[in-house]
Amino acid sequence: MTTLTPSLTHLLSRARALRGQDDHRAALLFEQAVSAARAQEDPVSLADALNGLAGLEHARGDSPGALLHLEEALALREAGQDREGAAVVLCNLGAVHLDLGSYNTALDYLLRADVAAVDASPARAAMVAGNLARTYDALNLAEEALAHSLRALTLTRAAGQAPAEAAVSINHADLLRRRGEFARADELLGRALELVGRRGVLAAGAFQGLGQLRRDEGRLPEALAAFREALREAEEDQDLDAVLEARCEAGETLLDLGRAGEGLALLAVAAQSAGSSGRTRTCARALTLQARAAEQGGDPAAALALLRQAHAAETEVLRAEAERRTRELTARGELEKARAQLAREQARYEAEHHAKEKLAREQAARLEELERLALYDALTGLPNRLLLSERVRAALATAAAQGGQVALGVLDLNKFKGINDTYGHHIGDLLLQGVAARLTAALGPQPTVARTGGDEFVVLVPGPEAGALPKVARCILGAFDEPFFLDGVELAMRPSLGFARYPDEAADLAGLLEHADHAMYRAKARGSSFEFGVVHAEVAPATLEAALHGALRAGEMHLEYQPLEDPSGRWTGVEALLRWRSPVYGNVTPDQFLPLAERSGLSLPLGEWTLWQACAELARLPGLTLAVNVSARQLADPGLPEQVRRALGEAGVAPERLALEVREEVVARAPERSRQALEDLRAAGVRLTLDDFGGGFAHFAGLTHLPVHAVKLDRALVHGLDSGPRGAALVGAVVNLARALDLDVIAKGVETVTQRRHLRDLGVKGLQGFLISAPLGADALRRRL
Numbered sequence: 003m004t005t006l007t008p009s010l011t012h013l014l015s016r017a018r019a020l021r022g023q024d025d026h027r028a029a030l031l032f033e034q035a036v037s038a039a040r041a042q043e044d045p046v047s048l049a050d051a052l053n054g055l056a057g058l059e060h061a062r063g064d065s066p067g068a069l070l071h072l073e074e075a076l077a078l079r080e081a082g083q084d085r086e087g088a089a090v091v092l093c094n095l096g097a098v099h100l101d102l103g104s105y106n107t108a109l110d111y112l113l114r115a116d117v118a119a120v121d122a123s124p125a126r127a128a129m130v131a132g133n134l135a136r137t138y139d140a141l142n143l144a145e146e147a148l149a150h151s152l153r154a155l156t157l158t159r160a161a162g163q164a165p166a167e168a169a170v171s172i173n174h175a176d177l178l179r180r181r182g183e184f185a186r187a188d189e190l191l192g193r194a195l196e197l198v199g200r201r202g203v204l205a206a207g208a209f210q211g212l213g214q215l216r217r218d219e220g221r222l223p224e225a226l227a228a229f230r231e232a233l234r235e236a237e238e239d240q241d242l243d244a245v246l247e248a249r250c251e252a253g254e255t256l257l258d259l260g261r262a263g264e265g266l267a268l269l270a271v272a273a274q275s276a277g278s279s280g281r282t283r284t285c286a287r288a289l290t291l292q293a294r295a296a297e298q299g300g301d302p303a304a305a306l307a308l309l310r311q312a313h314a315a316e317t318e319v320l321r322a323e324a325e326r327r328t329r330e331l332t333a334r335g336e337l338e339k340a341r342a343q344l345a346r347e348q349a350r351y352e353a354e355h356h357a358k359e360k361l362a363r364e365q366a367a368r369l370e371e372l373e374r375l376a377l378y379d380a381l382t383g384l385p386n387r388l389l390l391s392e393r394v395r396a397a398l399a400t401a402a403a404q405g406g407q408v409a410l411g412v413l414d415l416n417k418f419k420g421i422n423d424t425y426g427h428h429i430g431d432l433l434l435q436g437v438a439a440r441l442t443a444a445l446g447p448q449p450t451v452a453r454t455g456g457d458e459f460v461v462l463v464p465g466p467e468a469g470a471l472p473k474v475a476r477c478i479l480g481a482f483d484e485p486f487f488l489d490g491v492e493l494a495m496r497p498s499l500g501f502a503r504y505p506d507e508a509a510d511l512a513g514l515l516e517h518a519d520h521a522m523y524r525a526k527a528r529g530s531s532f533e534f535g536v537v538h539a540e541v542a543p544a545t546l547e548a549a550l551h552g553a554l555r556a557g558e559m560h561l562e563y564q565p566l567e568d569p570s571g572r573w574t575g576v577e578a579l580l581r582w583r584s585p586v587y588g589n590v591t592p593d594q595f596l597p598l599a600e601r602s603g604l605s606l607p608l609g610e611w612t613l614w615q616a617c618a619e620l621a622r623l624p625g626l627t628l629a630v631n632v633s634a635r636q637l638a639d640p641g642l643p644e645q646v647r648r649a650l651g652e653a654g655v656a657p658e659r660l661a662l663e664v665r666e667e668v669v670a671r672a673p674e675r676s677r678q679a680l681e682d683l684r685a686a687g688v689r690l691t692l693d694d695f696g697g698g699f700a701h702f703a704g705l706t707h708l709p710v711h712a713v714k715l716d717r718a719l720v721h722g723l724d725s726g727p728r729g730a731a732l733v734g735a736v737v738n739l740a741r742a743l744d745l746d747v748i749a750k751g752v753e754t755v756t757q758r759r760h761l762r763d764l765g766v767k768g769l770q771g772f773l774i775s776a777p778l779g780a781d782a783l784r785r786r787l
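Numbering (the working numbering), first residue to last: 3 to 787.
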């Protein structure tokens, strides 16, 4: 376990002390602690800081951000085999999903937390048990809720924590009251008041529960007294939710006692406070009770007006609830149940209005349904092409006005037709729904996920920051790491994903879709999971070649650097990648211009320029190695070793910090000539790497005669790790062969967590790919370092 430095210890201590007093400053300190822990590579402190930051984010309404940070904290706890710490994070994940109404997801996290908390302290175990009780109660599973609540009560008593025992006692008493066990509930509420000294927000909760209990027993004066005590304590503690609840309960009790005037005054204050603070559900309840008070006071006109206001507020609650449930409920049974419940609630409220109001609401409901059918996909509930078009139009307009960017991704499910043919369209439909649910959960509310037909999904990302798209792509691919379980059928599914960007590659939806579609098909053809940018297939090679002749002189060529990660996660080197940004043709991909350069002889001046630029940059990157690709023409050039020496000498860089990469295919074409050229380069002191190793162009036995230091696995081998045991076995065999020849092994094209885990287990020394980092410009690389 890493020891905290004093500054990091101080940051975390200050952040925890400010939590609940000045949440804004606490969040800033937690964010500083996160940055410091990352810089110091301190996973324990990083998990602590992420957990604390997530709690504040959820409190201020940023639940997607909280979930993202909690998932990272969980991965760190599990990697460090910290069972108690993992139990805390799992419990927090469950609590967030519980607050969001995702009860089944919450239950899954909390059951995992319960297992992880077996050896934890009683206080930790009680926290998990209490949240499990809340979840089972929300799912209407009364017996399970009562059992876990009782367990939480036992554990808090064992822990000797009075506030925790008081909170659990109040919740447990509420469960017992609803079951009619009044005596036991009364005993628990009395105990809670003793524990907190009858003061504070917990005392307010206990008095609230006591008032509900007395009302259920028919002892209305005592109930009113308890509610007033709850109100006094809540006002003292400035807890607005508790204040509003106590006012409503006291007001309703006053009405039950026939004291309409007092009740009306109390409820009017509650309605005004709830409305101004955005607590619409509480406002609706207070208005309904006011209407009852007005009716008791003999003012039917005022009662009717108040009822209309209450119904308007309740309709607003229903609409918001419907929108939230439609987004969050993913399982078909839950969604159907939610829709049926919504229909029943809507019908109940419509029945309470007179004919004219009922007709108006029915017309509004019909219009809303027509809009939903017109804008959302019927199967998955995702936006359809029409709504996507509108959101893209708005995003493009904003980007044009602010000088920003927009990214559009097209996702296609590999071998989806075979699933329909094998298992039937029912399973295919369930798979599409599951994919929609996972994408929505993985990306959160900001990007738009749409279904445009068949097994094609589109992701709209407004204003992505530089380097953010690879993270989005990995997030999407991560949603497919676990298999889908569909009506008794288990399916492992992988997608192909392509992205296009505004304004670099297209200026409208049609152009973005076309280019993203092309990129997706490139990913499918290469087996690379995802691709970016445009291949300008419409430009004739002769035209591009003519433009390429002047590109170097015109300053259109530049280098980007893709980092190399060692098994500990540290960046140890970079690979220099040549890029061409043409003012006429845009970003021309290496797949297009490098073959033209090789055929025309331009690869020699381009290669020399790349070598000198890379060595000059390497001098500004202490502690890193740098790899440069060598073309077939360069390898055949007898002057290359001297060129390498001069470039290194001019930059003042030690030769062992430079690695030259030669593709296996190039060596296979002329083995003897290539071997001699490689020996001359090795004599210059640089490291040599055989690129695209295992791609099938050379016999493995030829490795024994090549003077290389390392091999870089072919991208197709790395992506085969996702295909199952056979792919992993093939990579293992190739790695073992290279290690037997005392060669270092590097893997490129690493895009998923699964691939990185397998490669680390196999002892691969270096990892490179979008999972580690996208290629970076020189300035961006130095900032990251």
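Even glycine gets a Cβ: it sits at the ideal position worked out from N, Cα and C.
Backbone secondary structure at residue i - three-state DSSP
i: N422; result: helix
i: E540; result: A caution first: E540 carries a pLDDT of 48, below 50, which makes its placement in the model unreliable, though a value can still be read off. Coil at E540, not helix or strand.
i: N142; result: coil
i: K360; result: helix
i: R665; result: strand
i: A452; result: strand
i: R395; result: helix
i: N53; result: helix
i: L331; result: Note on L331: pLDDT 48, under 50, position unreliable in the model; no value is reported.
i: P624; result: coil
i: L337; result: Because the pLDDT of L337 is 45, which lies under 50, any placement of that residue in the model is unreliable, and the question is left without a value.
i: D693; result: strand
i: D258; result: helix
i: K526; result: helix
i: S570; result: coil
Limits of the unbroken alpha helix (DSSP H) element including residue i
i: R741; result: 727-742
i: K473; result: 470-480
i: L433; result: 427-445
i: P565; result: Not the alpha helix (DSSP H): P565 falls in the beta strand (DSSP E), residues 559-567.
Own chain, CB closer than 7 Å to residue i, minus 5 neighbours either side, in chain order
i: L719; result: G696, L732, V733, V736
i: E330; result: Low per-residue confidence applies at E330: pLDDT is 48, beneath 50, and the placement is therefore not dependable enough to give any value.
i: L432; result: L488, D489
i: T332; result: With a pLDDT of 49 at T332, under the threshold of 50, the modelled position of this residue cannot be trusted, and the question is left open.
Beta-carbon gap between residue i and residue j smaller than 8 Å
i: P124; j: G82; result: no
i: R583; j: L561; result: no
i: M2; j: W611; result: Outside the shown range of the chain, which is 3 to 787, sits residue 2, and nothing can be said about it.
i: G500; j: F459; result: no
i: A206; j: A244; result: yes
i: L13; j: L31; result: yes
i: A279; j: L242; result: Residue identity differs from the one stated: residue 279 is Ser in this sequence, not Ala. Yes, these two residues count as a Cβ contact at 8 Å.
i: G299; j: A273; result: no
i: L723; j: A730; result: yes
i: A293; j: L246; result: no
i: V576; j: Q594; result: no
i: I172; j: A122; result: no
i: R496; j: N416; result: yes
i: R453; j: D519; result: no
Sequence-distant residues of the same chain with beta carbon closer than 8 Å to residue i, five excluded per side
i: A214; result: In the sequence on display, residue 214 carries Gln and not Ala. Correct list, in chain order: D176, R179, A225, E251.
Same chain, Cβ closer than 6 Å to residue i, five either side skipped, listed in chain order
i: P472; result: F772, A776
i: L608; result: A599
i: H60; result: A68, V98
i: Y523; result: none
i: E80; result: A88
N-terminal and C-terminal residue of the beta strand (DSSP E) that residue i is part of
i: P464; result: 458-464
i: H26; result: Per DSSP, H26 belongs to no beta strand (DSSP E); it is in the alpha helix (DSSP H), 25-41.
i: R62; result: Careful: R62 lies outside any beta strand (DSSP E) and carries neither H nor E.
i: T574; result: 573-584
Integer-rounded CB distance, given that residue j should sit under 8 Å from residue i
i: V98; j: N53; result: Going by Cβ atoms, the distance from V98 to N53 rounds to 12 Å, so no, they are not a contact pair.
i: R675; j: A638; result: 7 Å
i: E658; j: G704; result: 25 Å between Cβ atoms; not a contact.
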